[in-house]
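One structure is given here, and the rest of the page talks about it.
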Amino acid sequence: MKLTSIIMTAYIQNPFQAHMTMASLANIARYTDPEEYEFILMSANEKFPVRDDYNVLKIDQYVKTKKGYTASMNEGAKLAKGDYLVFIQNDVFVWERWLKKLRWYLEEDITDCIFPDQVPRSRAFVKMSRRLNNIQAMRFGSRDAGLLMITKKAFEKTGGWDEELTLLCDRDFYVRMANAGVDFRDTCKVMITHIMAATNLDRLHTNRKEYDEMMDADAKKLN
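Residue numbers (the working numbering): 9 to 231.
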């Protein structure tokens with residue numbers, strides 16, 4: 009079994025973001041076999057630390073940095089020892105067997121990069137997904153930037169995340185993968201809970217000027 013390096017980026021500016029991050033970490037520890045992964049926490053401009061009050065969190069590297077979101081992800085990838093990389097945001101919650109099920113797509117050479125389903129779903133959709141095999145499930149996944157798994161080799165082919173981008177970096181990364189010939193797919197065989205833009209929504213309400221400037225800068229570069 010090849011090692012997976014899980015890289016989480018966090019921008020912890022208030023106690024609520026710290027507890028959200030700790031809850032996300034707790035789910036990873038609860039639902040993932042420890043020998044299957046290493047965990048790298050990249051915490052940018054941290055004001056409130058992540059605590060392990062119950063001594064259960066698995067944090068192999070806790071890197072406090074002044075770098076931005078995309079630069080932190082690239083740095084985490086350089087520190088990673090695994091053949092597979094998982095980029096996960098700190099507002100994402102995983103569930104039982106998530107890592108094994110995602111890793112299957114890479115181990116079987118089905119794709120170079122796999123995205124779990126990460127939008128709200130009905131109970132009927134969940135039951136339907138259980139009847140699908142792994143290949144059929146690739147028809148129904150809904151992608152977002154909260155979590156992706158990619159081979160380290162494929163990630164290096166893309167050149168990494170564009171460090172000049174912030175809010176729209178995922179859109180650029182899809183293009184980078186396509187241009188590098190990296191195959192990427194979705195699956196509903198793995199479903200995660202993603203608050204979606206928790207940090208950016210906080211920024212939107214507490215510092216609208218900063219949010220607008222970041223969005224405008226990204227849009228200008230992408231266009």
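Using N, Cα and C, we set each Cβ at its ideal position, and we do this for glycine too. All values derive from a computational prediction rather than experimental measurement.
Since residue i and residue j should fall inside the 8 Å C-beta cutoff, what is the C-beta to C-beta distance between them, to a whole number of angstroms?
i      : j      : result
His202 : Gly154 : 4 Å
Met157 : Tyr92  : 6 Å
Asp307 : Thr174 : No answer is possible for residue 307: it lies beyond the span of the chain, which begins at 9 and ends at 231.
Thr78  : Trp169 : 4 Å
Leu107 : Glu44  : 6 Å
Val127 : Tyr39  : Wrong, their Cβ atoms sit about 20 Å apart, outside the cutoff.
Ile15  : Phe95  : 5 Å
Val58  : Met30  : 6 Å
Asp210 : Gln97  : In fact, because the Cβ distance is near 13 Å, the residues do not count as touching under 8 Å.
Closest by CA to residue i, which one among the options?
i      : options                           : result
Asp99  : Asn208, Asp220, Glu221 and Leu230 : Asn208
Glu46  : Phe56, Gly167 and Leu11           : Leu11
Gln69  : Gly76, Gly84 and Lys75            : Gly84
Ala162 : Asp180, Leu114 and Leu176         : Leu114
Leu32  : Asn22, Met9 and Ala18             : It should be pointed out that residue 32 corresponds to Ser in this sequence rather than to Leu. Of Asn22, Met9 and Ala18, the residue nearest in Cα terms is Ala18.
Glu54  : Tyr62, Lys66, Gly76 and Ser13     : Gly76
Can you list, in chain order, the residues of its chain whose CB lies under 7 Å from that of residue i, leaving out five sequence neighbours each side?
i      : result
Met146 : Arg193, Asp194 and Thr195
Lys229 : Glu172 and Leu173
What does a CB cutoff of less than 6 Å around residue i pick up in its chain, not counting 5 residues either side in sequence?
i      : result
Lys197 : Lys109, Asn142 and Ala145
Phe56  : Ile20, Pro23 and Ala26
To which residues of the same chain is residue i closer than 8 Å at the C-beta, ignoring the five residues directly before and after it?
i      : result
Asp152 : Phe123, Gln126, Val127, Asp178, His202 and Met204
Thr159 : Asp91, Tyr92, Leu93, Leu114, Asp120 and Cys121
Would you call the region 37–57 in contact with the region 120–138, where contact means no fewer than 3 C-beta pairs closer than 8 Å? no
Quick one: which unbroken beta strand (DSSP E) runs of 3-plus residues sit fully inside the region 43–130? Chain order, please. 45–52, 69–73, 92–97 and 121–125
Every unbroken beta strand (DSSP E) inside the region 168–216 [3 residues or more]: 192–199
Which ranges does the alpha helix (DSSP H) cover as unbroken runs of at least 4 residues, wholly within the region 140–168, from first to last along the chain? 160–166
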